[in-house]
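Heads up, the thing below is written out as structure tokens.
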Amino acid sequence: MTNEEKIDLKKEIEEQDGYEYSDELFFTGEGDLLDTAEGRAKFCRINETTVFRKKDPTVWNNYIWVFNNQGIGMTIKRQSHVDPQLMECIDFDADGNPIGKAYEPT
């Protein structure tokens with residue numbers, strides 16, 4: 042897929058969802074920046090302290106939320122695959138390593 046085709050696909054998905062995705066979290070296939078410790082560390086380092094969201098490819102009509110604290114760490118929240126009434130919340134340090142996991146009601 043060419044870069045132009047990826048941009049067109051992103052625009053099409055944004056129109057369908059009614060939401061403008063930040064490039065930091067947008068992806069169209071397997072794998073993701075947040076899948077590895079190195080990717081999470083890079084994301085944490087280069088992005089400002091704020092909240093990001095993207096469609097969760099594993100759960101229909103749901104989002105992955107990333108609460109980034111630039112250079113310090115992040116929390117990634119997504120709907121639990123075990124109990125859909127819970128959000129799985131995983132805390133990561135600045136190096137992208139998991140340091141805690143909790144569940145909270147959706």
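Positions in the sequence shown are counted from 1; adding 41 to them yields the numbering used here. Backbone N, C-alpha and C fix where the C-beta goes; we use that ideal spot for every residue, glycine too.
Residues of its chain near residue 113, where Cβ-Cβ distance is below 7 Å and the 5 sequence neighbours each way are ignored: 135
Beta bridge counterpart(s) of residue 125 as assigned by DSSP: Paired residue(s): none; residue 125 is not in a bridge.
Of the residues 98, 56 and 82, the one placed nearest residue 138, counting alpha carbons only: 82
Distance, residue 146 Cα to residue 127 Cα: 5 Å
Local Cβ density within 10 Å of residue 120, reported as buried at 16 or more and exposed below that: buried
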